[in-house]
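Okay, so here's the structure we're looking at.
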Amino acid sequence: MIQESLSFHVNEEGYYGDFGGAFIPEMLYPNVEELRQNYLKIMSDPAFQAEFHALLKDYVGRPTPLFKAERLSAKYGTNIYLKREDLCHTGAHKVNNTIGQILVAKRLGKHKIVAETGAGQHGVATATVCALMGMECIVYMGAIDIERQAPNVARMRMLGAEVVAAKSGSQTLKDATNEAMRHWINHPVDTHYIIGSVVGPHPYPDMVAKFQSVISEEIKVQLMEKEGRDYPDYVIACVGGGSNAAGAFYHYLDEPRTALIAAEAAGQGVSTGHSAATTFLGKPGVLHGSKSLLMQTEDGQVIEPYSISAGLDYPGIGPMHAHLATSGRAKFYDITDEEALEGAVECSRLEGIIPALESAHAFAVLGKLGAGADEVVVINLSGRGDKDLATYQKRLKLND
1 MIQESLSFHV NEEGYYGDFG GAFIPEMLYP NVEELRQNYL KIMSDPAFQA
51 EFHALLKDYV GRPTPLFKAE RLSAKYGTNI YLKREDLCHT GAHKVNNTIG
101 QILVAKRLGK HKIVAETGAG QHGVATATVC ALMGMECIVY MGAIDIERQA
151 PNVARMRMLG AEVVAAKSGS QTLKDATNEA MRHWINHPVD THYIIGSVVG
201 PHPYPDMVAK FQSVISEEIK VQLMEKEGRD YPDYVIACVG GGSNAAGAFY
251 HYLDEPRTAL IAAEAAGQGV STGHSAATTF LGKPGVLHGS KSLLMQTEDG
301 QVIEPYSISA GLDYPGIGPM HAHLATSGRA KFYDITDEEA LEGAVECSRL
351 EGIIPALESA HAFAVLGKLG AGADEVVVIN LSGRGDKDLA TYQKRLKLND
């Protein structure tokens, strides 16, 4: 049951309900505090907004289309629209945030950028804007993810970024984030850390959500044109850390007529020990600088996550989403690898669009939703599937 008095936006202390904050070592405090004191002032400056939106329009290619998926709609007996973030420059929503953050970095006098990446899309988006702005770029990526996302590694290097393998732990996104934070601690004066999701210490979750909110801002305008109302009955997005979902949900957080639907990576199943479904398996804890829901043992050790999707292979979730889940404002579905693969095939063969494995989890919710014939469903198609073709080829036996 949702309490009407609840706020779903960040408060002045950087919390969403019980989740958020900045739990950071003393050596990182100056970096985070400099950002906290300046980000809202920078982002509200008309000159900043003009530059940001000009780049979104002329460089990224916004607004992205809102496409009526007629064949999917016919199959599920409802009205399904796809928000085509896969058509952004670089192939995913990630560039909305990297454009914004590199403009913040410039205004803070930074000239070097460090980032982490899982599926590689954030790394590509970071390398892209660094090339655009002439900044040095180092991207940390788990050694396992480097292997399974080779096309994106090649793209980052083509753009001039240095890609550094994280070889500790599970050698995936969590470990890449650890290494990126260590780098930032050691280079506080000239370097800005572009976090790719709504995770990390305050103000990152709020800043990233604000940059990604252009997604739901556009959905409102586009739905008014197509349906005569600016809200859908359901917005569906996949959630790992949760930046694409934060962007798709943002302008509907306080809209009671819109159900917020999140698809988490259940991997081989929530009860198998090979999963990344944080809201089903996690409990409150601190990871990478903020309090949120976290997959952990009884004594607080992080449980290694598993997902077929590198972008959802994370043991935590952004504090905004933790609050949405525990308050009941958003409904979370656990989607297995097999269900995601089925969703990817369905989207590809019914609509001629190959989705990223991350986005495929959102499509897998359609069969569980029960949306009515007069209702409107928007799926945030957060990325294109080029980077996942090797996985699709192997798992779906496309060579046979």
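Residue numbering for the sequence shown is 1 to 400, as defined by our numbering.
For every residue, glycine included, the Cβ atom is placed at its ideal position computed from N, Cα and C.
Boundaries of the alpha helix (DSSP H) in which residue i is found, first to last residue
i	result
S359	L357 to F363
T177	L173 to N186
A54	P46 to L55
A119	Run containing A119: none; DSSP gives neither H nor E here.
T419	Outside the modelled stretch of the chain, which goes from 1 to 400, sits residue 419, for which no answer is possible.
Y154	Looking at the sequence shown, residue 154 is not Tyr but Ala. Taken as a continuous stretch (DSSP letters only), the alpha helix (DSSP H) holding A154 covers A150 to M158.
Three-way DSSP call (helix, strand, coil) for residue i in this model
i	result
R71	helix
C88	coil
N96	helix
F280	helix
A253	Checking the sequence shown, residue 253 turns out to be Leu, not Ala. It is coil, neither helix nor strand.
V32	helix
N11	coil
Q296	strand
G195	The sequence shown places Ile at residue 195, not Gly. Note: I195 maps to coil in three-state DSSP.
N380	strand
G242	coil
G142	strand
L6	coil
A165	strand
A22	coil
G316	strand
N79	strand
L350	helix
I113	strand
E304	coil
V235	strand
L132	helix
L108	coil
Cβ distance (whole Å) where residue i is taken to contact residue j below 8 Å
i	j	result
A127	G91	Their Cβ separation, rounded to whole angstroms, is 13 Å, which puts A127 and G91 out of contact at 8 Å.
L401	L223	Residue numbering for the chain in the displayed model covers 1 to 400; residue 401 lies beyond these limits and cannot be assessed.
G134	Q171	With a Cβ gap of about 31 Å, G134 and Q171 do not count as contacting.
P355	A371	Incorrect: roughly 19 Å between the Cβ atoms, too far for contact.
F48	I99	Contact flag wrong, Cβ pair sits at about 11 Å.
R384	L341	Rounded, the Cβ-Cβ distance is 16 Å, inconsistent with contact.
G123	A115	6 Å
I215	E85	7 Å
E136	K174	Not quite, the Cβ-Cβ distance comes to about 25 Å (not below 8 Å), so this is no contact.
V164	R157	In fact, because the Cβ distance is near 11 Å, the residues do not count as touching under 8 Å.
Exposed unless 16 or more other CB atoms sit within 10 angstroms - verdict on residue i
i	result
D337	buried
M295	buried
T297	exposed
K368	exposed
D206	buried
M27	exposed
R148	buried
A364	buried
N244	buried
K41	exposed
D190	exposed
T305	The sequence shown places Pro at residue 305, not Thr. With 16 or more Cβ atoms within 10 Å of its Cβ, P305 is classed as buried.
Q393	exposed
S309	buried
Y252	buried
Q212	buried
E12	exposed
Proximal residues to residue i (C-beta, below 7 Å), its chain only, five neighbours per side dropped
i	result
I195	Y204 and V208
R36	H202 and P203
V32	A22, I24 and P201
A259	D233, Y234 and K331
G289	A22, F23, I24, G200 and P201
I303	M295, Q296, T297 and P315
K94	Q121, H122, A125 and G196
R71	L350 and E351
Sequence-distant residues of the same chain with beta carbon closer than 6 Å to residue i, five excluded per side
i	result
A322	F19, S292 and L293
R62	L56
L312	G240, A265, A276 and E358
A131	L159 and G160
V270	A277, F280 and D334
L287	L294 and G316
E346	none
L82	F67, A69, I379 and L381
Residue span of the beta strand (DSSP E) that contains residue i, given as start and end
i	result
V286	K283 to L287
L260	A259 to G267
D334	A330 to T336
E218	It is not in any beta strand (DSSP E) - E218 instead sits in the alpha helix (DSSP H) that spans V214 to E227.
T326	No beta strand (DSSP E) holds T326; the alpha helix (DSSP H) holding it covers P319 to S327.
K368	Element bounds for K368: not the beta strand (DSSP E) but the alpha helix (DSSP H), L366 to L369.
Distance cut-off 7 Å: residue i Cβ against heavy atoms of the ligand MN
i	result
L132	With respect to the ligand MN, the structure shown offers nothing to examine, as it has no ligands at all.
Any C-beta of chain D under 8 Å from that of residue i
i	result
I99	Looking for chain D here will not work: only one protein chain is present.
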